[in-house]
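Beneath this line is the structure, given in structure tokens, with notes to follow.
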Amino acid sequence: MNRRDVVVGLGAIVGTGATASGTGAFGAAEVSRQAEIDIVDDSDGLVGLVANEAIAGVQMDSGGELTVSIGDDDPGVNVSSVYQFGAFVTDDGVEDITGDTFSVVTEGDPSDMSEGQDSLESAFAVVNQSAEDLSVTVDFRLNDDIDGGTEYAFELQSSQSGNGTREGLATSPITTTDQLTAQLATGESIGVSFVINALEGVVTDEISGSLSVSATAV
Amino acid sequence: MIDFSSTGGGEGVNPNSTYQVGGLGEFDSQNIDLVPGDPTVKPPVGQVAIDTATHISSEYAFKVMNQTDSPKAIEVTYNANEEPFPDGTRLFLVAYYPEGDDNSEQEEGLAVGAVADSNAKSASIIFDDQQYSTPIGSGKQFYVTILVDVGGADTSTDLGGTLTVRAGSHDDFTNADAET
Chain A
62 MNRRDVVVGL GAIVGTGATA SGTGAFGAAE VSRQAEIDIV DDSDGLVGLV
112 ANEAIAGVQM DSGGELTVSI GDDDPGVNVS SVYQFGAFVT DDGVEDITGD
162 TFSVVTEGDP SDMSEGQDSL ESAFAVVNQS AEDLSVTVDF RLNDDIDGGT
212 EYAFELQSSQ SGNGTREGLA TSPITTTDQL TAQLATGESI GVSFVINALE
262 GVVTDEISGS LSVSATAV
Chain B
1121 MIDFSSTGGG EGVNPNSTYQ VGGLGEFDSQ NIDLVPGDPT VKPPVGQVAI
1171 DTATHISSEY AFKVMNQTDS PKAIEVTYNA NEEPFPDGTR LFLVAYYPEG
1221 DDNSEQEEGL AVGAVADSNA KSASIIFDDQ QYSTPIGSGK QFYVTILVDV
1271 GGADTSTDLG GTLTVRAGSH DDFTNADAET
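Protein sequences, first through last, are from chains A and B.
Numbering-wise (the numbering used here), the first sequence opens with residue 62 and increments by one.
Numbering-wise (the numbering used here), the second sequence opens with residue 1121 and increments by one.
Pasting the structure below:
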């Protein structure tokens, strides 16, 4: 997971001055205020990165960061198989990836986080957990090292005002960066789900990637 | 009160992230790499900031106003609850005083945590009759932006602290010139 950059505008929190009667003169003054800043798990951040607990391979690591790890030291995807991680909004454009043997699971609003894990059907979600509207940009980079015929598709989804929308679809081979910007009110979210087709794959096939999230108060 | 939790459900800042409250848009593009400190700490604000376009006078974390009828020396310090900060984790408070004569008098800052070459000038925001600084005029104000840069620190790490504003001839006022 790459860095997460967030710009938040709070406006004036403190107006500190010194006012006295008459001339307003004083020799010295001191005012102290408390600041509370805690480092928390990605799922609890003002910009929350939430793993779907029901999806294998998508999890929080020991440092509190969202990770997607399928294979390597974790259980992977079998050769001659198709796996789907999280629901898609639509299967349009994915039929060629999944072939005739697999039907893509779809949901109307998979990245809905209104009821937390109970309503989340995406593999993972980026959630506005601040008190103000945010313009959120998700920068999604994929690299593959595929000798066999493994294919894949990633769907970027948004959940806004109770509606699920496919915001982008990236299918193999991916050589470019996909970027999605969405304006999210408090509680609204962006989700990512993906399908891997290893029917023609070999055991050394590998897909790696990174997700960078930037957010600005609007 | 400065509080990075939210009624929206967020409880703090993510590991491996940067959060900025307020803009740094009026900062001189060269001088932003010379704040804070004398000599400048490493990294300077300019290498960590993520919004150098939004004007600080329109978006800021807080402002400090001299509401007396004479110029005042003003210092802002930040005493962290837990020191040292974890590796790669730092907090900047960056100040802008529009009425300063030049960049060096307008732009001040302090750094806490993982910066190299810390010094008296980088430990607090100082507006006083000192080098690269000037007192705050009557009825004038300066704006402060907060920058929190989190490395791979453990969750539950407390970056909070006490923000103190001193004004006038306070015994604890820092004389950075005496230490350069």
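Note that beta-carbon positions come from the ideal geometry of N, C-alpha and C, so glycine has one too.
Give the DSSP-derived three-state secondary structure of residue i in the structure shown.
i                      : result
residue 1168 (chain B) : coil
residue 178 (chain A)  : helix
residue 93 (chain A)   : strand
residue 258 (chain A)  : strand
residue 82 (chain A)   : Residue placement at residue 82 (chain A) is poorly supported in this model, since its pLDDT is 44, which falls under 50; the coordinates still yield a value, given next. If DSSP states are grouped into helix, strand and coil, residue 82 (chain A) belongs with coil.
residue 156 (chain A)  : helix
residue 228 (chain A)  : strand
residue 1131 (chain B) : coil
residue 235 (chain A)  : coil
residue 1163 (chain B) : coil
residue 1183 (chain B) : strand
residue 267 (chain A)  : strand
residue 1226 (chain B) : helix
residue 139 (chain A)  : coil
residue 1260 (chain B) : coil
residue 113 (chain A)  : coil
residue 207 (chain A)  : coil
residue 246 (chain A)  : coil
residue 1137 (chain B) : strand
residue 1201 (chain B) : coil
Verify whether the separation of the beta carbon atoms of residue i and residue j is less than 8 angstroms.
i                      : j                      : result
residue 1217 (chain B) : residue 1182 (chain B) : no
residue 1193 (chain B) : residue 1255 (chain B) : yes
residue 147 (chain A)  : residue 184 (chain A)  : yes
residue 1119 (chain B) : residue 107 (chain A)  : Here chain B has residues from 1121 to 1300 only, and residue 1119 (chain B) is not among them.
residue 230 (chain A)  : residue 199 (chain A)  : no
residue 1241 (chain B) : residue 1148 (chain B) : no
residue 157 (chain A)  : residue 125 (chain A)  : no
residue 1229 (chain B) : residue 1156 (chain B) : yes
residue 259 (chain A)  : residue 142 (chain A)  : yes
residue 1290 (chain B) : residue 89 (chain A)   : yes
residue 177 (chain A)  : residue 232 (chain A)  : no
residue 138 (chain A)  : residue 131 (chain A)  : yes
residue 163 (chain A)  : residue 216 (chain A)  : no
residue 1270 (chain B) : residue 1209 (chain B) : yes
residue 109 (chain A)  : residue 165 (chain A)  : no
residue 1163 (chain B) : residue 1235 (chain B) : yes
residue 1195 (chain B) : residue 1244 (chain B) : yes
residue 1250 (chain B) : residue 1296 (chain B) : yes
residue 1123 (chain B) : residue 97 (chain A)   : yes
Can you grab the Cα-Cα spacing for the pair residue i / residue j, in whole Å?
i                      : j                      : result
residue 1144 (chain B) : residue 180 (chain A)  : 39 angstroms
residue 1201 (chain B) : residue 1268 (chain B) : 15 angstroms
residue 249 (chain A)  : residue 220 (chain A)  : 6 angstroms
residue 192 (chain A)  : residue 160 (chain A)  : 44 angstroms
residue 1199 (chain B) : residue 1239 (chain B) : 15 angstroms
residue 1223 (chain B) : residue 1151 (chain B) : 7 angstroms
residue 78 (chain A)   : residue 1258 (chain B) : At residue 78 (chain A) the pLDDT is 40, less than 50, meaning the model places this residue with poor confidence and gives no usable figure here.
residue 99 (chain A)   : residue 1126 (chain B) : 12 angstroms
residue 264 (chain A)  : residue 145 (chain A)  : 18 angstroms
residue 1282 (chain B) : residue 1139 (chain B) : 19 angstroms
residue 1276 (chain B) : residue 119 (chain A)  : 22 angstroms
residue 262 (chain A)  : residue 1206 (chain B) : 43 angstroms
residue 82 (chain A)   : residue 1137 (chain B) : In this prediction, residue 82 (chain A) scores a pLDDT of 44, lower than 50, which makes its location untrustworthy; no coordinate-derived value is stated.
Among the options, which has the Cα closest to the Cα of residue i?
i                      : options                           : result
residue 208 (chain A)  : A:266, A:247, A:135 and A:124     : A:266
residue 245 (chain A)  : A:95, A:233 and A:225             : A:225
residue 1128 (chain B) : A:90, A:136, A:155 and A:104      : A:104
residue 1185 (chain B) : B:1260, B:1175, B:1195 and B:1223 : B:1260
residue 228 (chain A)  : A:203, A:234 and A:197            : A:197
residue 222 (chain A)  : A:173, A:210, A:202 and A:182     : A:173
residue 203 (chain A)  : A:129, A:169, A:134 and A:168     : A:129
residue 303 (chain A)  : B:1284, B:1292, B:1293 and B:1294 : Beyond the ends of chain A as shown, which are 62 and 279, falls residue 303 (chain A); an answer cannot be given.
If you measure from the CB of residue i, is any heavy atom of the ligand ZN nearer than 7 angstroms?
i                      : result
residue 1286 (chain B) : Among the components of this structure there are no ligands whatsoever, and the ligand ZN is therefore not found.
Worksheet entry | Residues from the segment 180-203 of chain A in contact with chain B, defined by Cβ distance under 7 angstroms | 189, 190, 191 and 192
Practice prompt. Check each residue of the segment 1277-1297 of chain B: if its Cβ is closer than 7 angstroms to any Cβ of chain A, include it; give the result in chain order.
Written response: 1277, 1278, 1279, 1280, 1281, 1282, 1283, 1284, 1285, 1286, 1287, 1288, 1289 and 1290
Fill in: Interfacial residues, the segment 1128-1144 of chain B to chain A, with Cβ spacing under 9 angstroms
1128, 1129, 1130, 1131, 1132, 1133, 1134, 1135, 1136, 1137, 1138, 1139, 1140, 1141, 1142 and 1143
Practice prompt. Scan the segment 95-120 of chain A for residues whose Cβ lies nearer than 8 angstroms to a Cβ of chain B and list them as they occur along the chain.
Written response: 95, 96, 97, 98, 99, 100, 101, 102, 103, 105, 106, 107, 108, 109 and 110
Worksheet item: Mind listing which residues of the segment 1265-1277 of chain B have their C-beta closer than 9 angstroms to chain A's C-betas, in chain order?
Response: 1266, 1268, 1270, 1272, 1273, 1274, 1275, 1276 and 1277
Worksheet item: Taking Cβ-Cβ distances below 9 angstroms as the criterion, which residues of the segment 223-240 of chain A are in contact with chain B?
Response: none
Discussion item. Please list, in chain order, the residues of the segment 1175-1193 of chain B that have any C-beta partner in chain A closer than 8 angstroms.
Written reply: 1179, 1180, 1181, 1182, 1183, 1184, 1185, 1186, 1187, 1188, 1189, 1190 and 1192
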